[in-house]
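Asker: Would you mind keeping the following structure in view while I ask a few things?
There are 2 protein chains.
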Amino acid sequence: METETAMPWLTDEEQCAWRTHLEVNRLLNYQLEKDLQPFGLTMNDYEILVNLSEAEDLRMRMSDLAAATLQSKSRLSHQITRMENAGLVRRENCESDRRGLYTVLTDYGMETMRKVAPHHVASVRRHFVDLVSPQELGSLRQALSPIAEHLRSQRGKP
Amino acid sequence: METETAMPWLTDEEQCAWRTHLEVNRLLNYQLEKDLQPFGLTMNDYEILVNLSEAEDLRMRMSDLAAATLQSKSRLSHQITRMENAGLVRRENCESDRRGLYTVLTDYGMETMRKVAPHHVASVRRHFVDLVSPQELGSLRQALSPIAEHLRSQRGKP
DNA sequence: CCACATTCGTTCACCTTTCAACTTCTTAGG
DNA sequence: CCTAAGAAGTTGAAAGGTGAACGAATGTGG
Chain A
1 METETAMPWL
11 TDEEQCAWRT
21 HLEVNRLLNY
31 QLEKDLQPFG
41 LTMNDYEILV
51 NLSEAEDLRM
61 RMSDLAAATL
71 QSKSRLSHQI
81 TRMENAGLVR
91 RENCESDRRG
101 LYTVLTDYGM
111 ETMRKVAPHH
121 VASVRRHFVD
131 LVSPQELGSL
141 RQALSPIAEH
151 LRSQRGKP
Chain B
1 METETAMPWL
11 TDEEQCAWRT
21 HLEVNRLLNY
31 QLEKDLQPFG
41 LTMNDYEILV
51 NLSEAEDLRM
61 RMSDLAAATL
71 QSKSRLSHQI
81 TRMENAGLVR
91 RENCESDRRG
101 LYTVLTDYGM
111 ETMRKVAPHH
121 VASVRRHFVD
131 LVSPQELGSL
141 RQALSPIAEH
151 LRSQRGKP
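Quick mapping for you: the protein sequence lines, in order, are chains A and B. Under full-length UniProt numbering, the first residue of the first sequence is numbered 1, with each subsequent residue one higher. Under full-length UniProt numbering, the first residue of the second sequence is numbered 1, with each subsequent residue one higher.
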């Protein structure tokens with residue numbers, strides 16, 4: 001059925017790599033999400049907690065957080081509202097720019113983070129990191145890095 | 001801030017590989033989705049078209065399609081309704097099992113597929129395949145395969 | 001200074017996904 | 001047979017995501 005007419009098509013090798021990549025992504029998201037569920041968090045929640053916990057003063061501007069987590073401002077706004085209702089974060093006004101807001105990690109958010117992180121990391125190990133050798137993990141990173149870089153530079157173009 | 005207490009944590013190498021993987025996924029989905037947009041298709045649409053176009057008689061049972069695309073039956077049902085309204089597929093009764101339905105690729109769906117596929121493939125090349133050497137692509141597949149296998153086997157457990 | 005464009009974050013309307021309930025049909029056990 | 005268990009798909013309500021429009025604040029060039 002497949003013909004080797006020209007550039008546009010993928011070789012079997014390429015197609016296999018590509019489909020595997022797609023599949024791993026989807027299944028991995030599914031699994032990590034599931035492992036986080038008992039703690040009442042989504043990956044999205046978790047990622048925001050990570051970002052805040054690593055940020056200076058445990059706070060970040062909305063825009064920066066949106067950029068860091070690659071979401072639209074709108075989506076982040078909803079997300080933060082939910083997390084605020086859950087008590088994980090709180091909004092705080094920014095004095096230097098009165099349009100701006102900080103999202104601040106609450107004590108409860110921090111505590112949650114500390115409690116959940118080990119489980120999440122274990123999950124990442126179980127379903128990803130520990131399934132490949134350190135060399136393979138190195139190759140993986142090496143292969144993906146230029147792609148990441150390319151995609152970052154593509155962000156928000158035509 | 002990081003301490004090297006025990007197993008649970010990730011080394012810098014591991015963390016870097018992991019975060020890169022996450023980032024590539026997200027940006028790649030974003031980019032491919034965007035490249036498909038001018039044709040009025042989502043990745044989800046496209047994947048269903050691919051599955052159907054590769055299937056015997058250009059048709060698949062709902063359940064099989066749901067399994068193949070890793071979505072819930074409910075989600076697929078809504079999805080197919082939308083695609084049916086767009087004229088890309090049609091539902092057809094299954095004679096051997098009167099509970100069952102086939103999703104069938106329409107002529108218009110096939111035509112759309114033929115028109116769009118080259119662009120999508122080009123997009124995959126531009127943002128993924130062509131950014132790494134064949135060797136690296138090989139390593140990538142090799143690293144991801146065991147993970148895919150593991151995740152497949154984990155599907156729908158506790 | 002003062003318009004004007006821009007940035008920040010929210011909101012609204014609309015679309016997609018999820019989850020549980022439900023109908024219909026099939027299959028297996030007694 | 002007949003009933004109970006289960007599978008195939010759909011449905012509807014609630015939750016989550018998207019994109020455009022908006023108000024408020026800031027920055028900028030004349």
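All residues carry an ideal CB built from backbone N, CA and C; glycine is no exception. Predicted model, so just to flag it, every value in this text is computed and none were measured.
(1) Express the C-alpha separation of L65(A) and A55(A) in angstroms, rounding to a whole number.
(2) On the premise that E23(A) lies in contact with A148(B), defined as a C-beta separation below 8 angstroms, what is that separation, rounded to the nearest angstrom?
(3) Can you find a CB in chain A that lies within less than 8 angstroms of the CB of L41(B)?
(4) Would you mind sorting N85(B) into buried or exposed? The rule is 16 or more other CB atoms within 10 Å of its CB.
(5) Helix, strand or coil: how does DSSP classify L151(A) here?
(6) In whole angstroms, what is the alpha-carbon distance linking V124(A) and S74(A)?
(7) Suppose you measure from the CA of Y108(B) to the CA of A143(A); what does that come to, to the nearest Å?
(8) Cα separation between R155(B) and W18(A)?
(9) So which residues on chain A does G138(B) lean against when the C-beta distance must stay under 8 angstroms?
(10) For the segment 72-91 of chain A, which residues have a CB atom closer than 7 angstroms to at least one CB atom of chain B, in sequence order?
(11) Does the CB of H150(A) have a neighbour CB from chain B at under 8 angstroms?
(12) Any idea what DSSP makes of R59(B), helix, strand or coil?
(13) Please confirm whether R91(B) and T103(B) have their CB atoms less than 8 angstroms apart.
(14) When the cut-off is 8 angstroms and only beta carbons count, does A143(A) lie next to chain B?
(15) So, at 8 angstroms on beta carbons, what are the nonlocal neighbours of L58(A) in its own chain, with the 5 sequence-adjacent residues on each side left out?
(16) Give the interface partners of N25(B) over in chain A, defined as CB-CB distance under 7 angstroms, in chain order.
(17) Looking at chain A, is there any beta carbon in it that lies within less than 8 angstroms of the beta carbon of T37(B)?
(18) Counting only Cβ pairs nearer than 7 angstroms, list the residues of chain B close to residue 174(A).
(19) Could you tell me which chain A residues have their CB closer than 7 angstroms to the CB of V129(B), listed as they occur along the chain?
(20) Excluding the 5 residues preceding and the 5 following T3(A) in the sequence, name in chain order all residues of the same chain whose CB lies nearer than 6 angstroms to its CB.
(21) If you drop the 5 nearest sequence neighbours on each side, which residues of the same chain put their C-beta closer than 8 angstroms to that of S72(B)?
(22) L28(A) and R26(B) look like a contact to me (Cβ under 8 angstroms); what is the Cβ gap, rounded to whole Å?
(23) Quick check: the Cα distance between S153(B) and R98(A), rounded to an integer number of angstroms?
Answerer: Per the coordinate set shown:
(1) The C-alpha of L65(A) is placed about 10 angstroms away from the C-alpha of A55(A).
(2) Indeed, because the Cβ distance is near 5 angstroms, the residues count as touching under 8 angstroms.
(3) No - not a single Cβ of chain A is within 8 angstroms of the one on L41(B).
(4) Classification of N85(B): exposed, given that the 10 Å Cβ count is below 16.
(5) In this structure, L151(A) counts as helix in the three-state DSSP scheme.
(6) Taking the straight line joining both Cα atoms gives about 29 angstroms.
(7) Answer to the nearest angstrom: the Cα atoms are 38 angstroms apart.
(8) R155(B) and W18(A): Cα-Cα distance of roughly 21 angstroms.
(9) Contact note: G138(B) reaches chain A through E13 and A17, using a C-beta cutoff of 8 angstroms and chain order.
(10) Sequence-ordered contacts of the segment 72-91 of chain A with chain B are nonexistent [C-beta pairs closer than 7 angstroms].
(11) For H150(A), the answer is yes, since a Cβ of chain B falls inside 8 angstroms of its Cβ.
(12) Correct three-state label for R59(B): strand.
(13) Yes.
(14) Between A143(A) and chain B, the shortest Cβ-Cβ separation is below 8 angstroms.
(15) Cβ within range, chain order: L52, V104, L105 and M110.
(16) The answer, in chain order, is N25.
(17) Residue identity check: residue 37(B) is Gln in the sequence provided, not Thr. Chain A has no Cβ within less than 8 angstroms of the Cβ of Q37(B).
(18) In the structure as shown, chain A begins at 1 and stops at 158. Residue 174(A) is therefore absent and cannot be evaluated.
(19) Annotation: Cβ neighbours of V129(B) in chain A (cutoff 7 angstroms, chain order): L10, E14 and W18.
(20) Here T3(A) scores only 47 on pLDDT, less than 50, and its place in the model should not be relied on; the value that follows carries that caveat. Taking T3(A) as the centre and dropping the five residues before and after it, the same chain places no C-beta closer than 6 angstroms to its C-beta.
(21) Sequence-distant partners of S72(B) (beyond 5 residues in either direction) whose C-beta falls short of 8 angstroms from its own C-beta, in its chain, are A66.
(22) So it is not a contact: roughly 12 angstroms between Cβ atoms.
(23) Approximately 52 angstroms between the Cα atoms of the pair.
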